[in-house]
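Report on the structure given below.
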Amino acid sequence: MISKKLFKKLGLFFSRKKFEAEQQRKELQDALKQLKAKHKSLKAELENISNEEERQQLEEKITILETQRRKGIEKLRNPDS
Amino acid sequence: MDLFKRMMLPVSMIFLGLGFWFYPNFEKIAAGIAVFLFGLWMLERGVQALSGGLIEQALEKVTKSMPRAISFGFVSTALVQSSTLVMVLAISFLAAGMIPLSSGLGVVMGANLGTTTGTWLVATFGLSMSLSKIALPLLIFGVLLLFQSRTSYSALGHLLLGMGFLFLGIDYIKEGFISLQSSIDLNQFNPKGFLGVLAVFVMGFIMTIILQSSHASLLLTLSALSVGQISLTMAASITVGACVGTTIIPLISSLSANAAGRRLALTHFLFNLVTAIIVLPLLPLALFAVEYISSAAGITDANSPLKLAFFHTGFSMTGVLIIFPLRSQLEKLLLVIIPEAEVTESKARFLNLAALESTTTAIAVTRSETIYLYELASGIIINGIGWQSHEFYQDKPLTQLTELNKNAIADVQLSYEQHIKGVYSDIIGFISSAREKSSDVQDELLRELWAANFHLIDAVKGVKHLQRNLQNYLSHPNQYIAQSYQEIRLQIGEVLRAIEFAKNTEDPTDSRLALDHQQLITERIRDESNALIENFIRKRQITTQMATSLMTDKSYVNKVSLSLLSVGRLLFIEKDKPQAKNPESLELEADDLSAINQKLDEQRLELSVEESS
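Next up, the structure:
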């Protein structure tokens, strides 16, 4: 396990391409975490809203976040796509 | 500044040529200065690249208190070993309105104290040991790292090479003075009386302007002092001259800055000049104090460079002690000497040539200027579509805003020519200059700002195209066409309000979501517009002439909205917050937005079917 991690770190150290890909992966992961947290908070907010127009707007925002998250997860699974 | 630099080149060439002709040994000292200055340049580049704009970011945050501003000035000058660079950055930030004058004063005091670190380092280590032995490995490792593709390694390479060349330069200068001893004795020029001190002070002042570095002047002085070529009195007078001389470059750089920037440059100059005026007549007394402290600290005559370091620190401290209690009076005086110039809306407010010294600073001032341009442009757009700017940004619903009288609505094209075109041209010219020496990341940021400006102008031009029809149809007796144009106006209003929200919201995720949501609405309106207009024609609710105007204007408003939303994204989602980073793969494209709208329509249809059954 330790040697696997060590080889991964060495690989990153020697290959600029791998290093940049890893950086992008981490950035994407962080962004997805932010989106997940926002999605959760908007869902909770939606429960307490009765005004139809406000509800509609919030639903739209939630759908935007869902689409972005789906795109991000897809990219995380297939980085070369 | 250009003229000054052009003049300096032939003067330096003649000065050096004569020196080499009359004193062949002088060559080694001159080579030492050249290597030392090259080392300073490399060091500066290395620190800037390694810190990744940290100095500039820190500068923006020193506004909190005077001690923090002084500490910043001290630490940054000690790190980059250049008070000129720190002052030029501070002037640019002040000119861009990013820090107040009081903080700038703190930076001046700190930078002055920071320059003494160089004197201490050279006096303590540089002259007592052979630095070339340390320089050589530093140069080898530096070159190895310099050729690495990773930016941080190449920055470290610059840093090591800078240090290596600095050490090598110091050694050359030291050896040069030792060999010069046999051919010339500089002690014969030792100042006699106050006029003599004044003459040597002027010499130090001119030498620093020519070398454009007080560090280089001080190094020469320390080296000459260490081999007994000059007396402590002469060295002290040169040091005072160097301290005043180092303020000239920022003073010249500030000429292109606005009043705020010029005030700070003048403060730096006055700070050192006033201290010099007080210290020079009292030089014998000051040197007596230095001798007294030195003997108490066990420093012998063989270590006279350390005495000069004591003097330099004492000089800078005296300046701080004089200016610190008088800072508020000084601020008032500066406001009187350099009053705020009358604001010309058609000219850039924050851009200044001094900011081009550091690309990070250039980016910061361009961002401030573009935000200013956005404020001008959004004001023109709001007025152009028949609303009042000040009322628009209150919480009032858009449908309840006061309608402007037709005579009070300015012509968008005319407003563009009068207020925007000049600022826009200045920004584009400035970005082009800044890109000449930017790194890949900085270049990307500058291109984004360029794009933000371009989109902004595109939006203004779009509003110009639909202004005439908007004015004609908003009050048209045909309610369908009047309502359609009211919707066009509301669409622009909603977009501007979403941008205002993004601008004032702390959390970038919220800001981004607000803009994405507005883009979704824009796409929906675009998708529905053709069917809507066709329906109007089929039911003969509007004429075909009205319909074609509406179709064209719907296309304009779509472009205006998308351009403004791009500006909002590029300008108001903070770049230095980690959560602001949105990988490109998460950005929504037109297909994604259409799919979302389709999904939402289906959901709503299902819900209405369920409710009706």
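Residue numbers (our numbering), protein chains in the order written: chain R, 13 to 93; chain L, 32 to 644. Beta carbons are placed, not taken as given, at the ideal position from N, Cα and C, and that holds for glycine. Please read these numbers as outputs of a predicted model, since none were measured by experiment.
- Considering only beta carbons, no part of the region 292 to 319 of chain L lies closer than 9 Å to chain R.
- Residues of the region 546 to 567 of chain L with a C-beta atom less than 7 Å from some C-beta of chain R are Asp547, His548 and Leu551, listed in chain order.
- Between Thr108/L and Ser114/L, the C-beta gap is smaller than 7 Å, which places the two residues in contact.
- Per the coordinates, the alpha-carbon of His548/L lies some 8 Å from the alpha-carbon of Gln69/R.
- Selection Gly272/L, Ile204/L, Ala578/L and Ala320/L evaluated against Leu162/L yields Ile204/L as nearest (Cα-Cα).
- Secondary structure note for Tyr323/L: its alpha helix (DSSP H) is the uninterrupted segment Leu314 to Ala327.
- A check of alpha carbon separations from His246/L across Asn221/L, Asn509/L and Val275/L identifies Val275/L as the nearest.
- Residues of chain R with a Cβ closer than 8 Å to the Cβ of Lys630/L are, in chain order, Thr75.
- The beta carbon of Gln80/R sits closer than 7 Å to some beta carbon of chain L.
- Scanning chain L for C-beta atoms nearer than 7 Å to the C-beta of Glu66/R yields nothing, as the closest lies near 13 Å away.
- Glu525/L: member of the alpha helix (DSSP H) spanning Gln510 to Asn535, first to last residue.
- Contact with chain R is absent for Asp474/L, since none of that chain's Cβ atoms lies less than 7 Å from the residue's Cβ.
- Under the Cβ criterion (8 Å, minimum of three pairs), the region 544 to 562 of chain L does not count as touching the region 471 to 479 of chain L.
- Shortest Cα-Cα distance from Ser594/L to any of Leu631/L, Glu565/L, Ile627/L and Leu546/L involves Leu546/L.
- In the DSSP annotation of this structure, the continuous segment of the alpha helix (DSSP H) that includes Gly137/L starts and ends at Leu132 to Leu152.
- Contact residues of the region 521 to 540 of chain L toward chain R are Thr540 (C-beta to C-beta distance below 7 Å).
- Take Ser420/L, set aside five residues on each side of it, and the residues of its chain with a beta-carbon closer than 6 Å to its own are Gly410 and Ile413, in chain order.
- In the three-state DSSP reduction, Trp418/L falls in the coil class, being neither helix nor strand.
- Contact of Glu34/R with chain L by beta-carbon distance below 8 Å is absent, the smallest such distance being about 13 Å.
- Burial is judged here by how many other beta carbons sit within 10 angstroms of a residue's own beta carbon; Lys338/L has at least 16 and is buried.
- The residue among Ile488/L, Ser470/L, Leu429/L and Ile564/L with its C-alpha nearest the C-alpha of Ile523/L is Leu429/L.
- Assignment of Pro98/L by DSSP, reduced to helix, strand and coil, places it in the helix class.
- Per DSSP, reduced to three states, the secondary structure at Phe57/L is helical.
- Taking a contact to require three or more Cβ pairs closer than 8 Å, the region 160 to 179 of chain L and the region 324 to 335 of chain L do not qualify as touching.
- Out of Ile74/R, Leu47/R, Gly84/R and Leu88/R, the CA that lies nearest to the CA of Leu617/L is found in Gly84/R.
- In this structure, Ser399/L lies away from Gly453/L, with their beta-carbon atoms at least 7 Å apart.
- The CB of Leu619/L comes closer than 9 Å to the CB of Ile76, Thr79, Gln80 and Lys83 in chain R, given here in chain order.
- A Cβ-Cβ separation of about 6 Å places Tyr405/L in contact with Leu602/L under the 8 Å criterion.
- Within chain R, Thr79 have C-beta atoms less than 7 Å from the C-beta of Asp623/L, given in sequence order.
- Cβ neighbours of Gly195/L within its own chain (closer than 6 Å, five residues either side excluded): Ala166, Leu169, Leu170 and Gly173.
- The shortest CA-to-CA distance from Gly77/L to any of Ser134/L, Ala126/L, Leu251/L and Ala186/L is the one to Ala186/L.
- In this model, Val111/L and Gln517/L are separated by some 58 Å (Cα to Cα).
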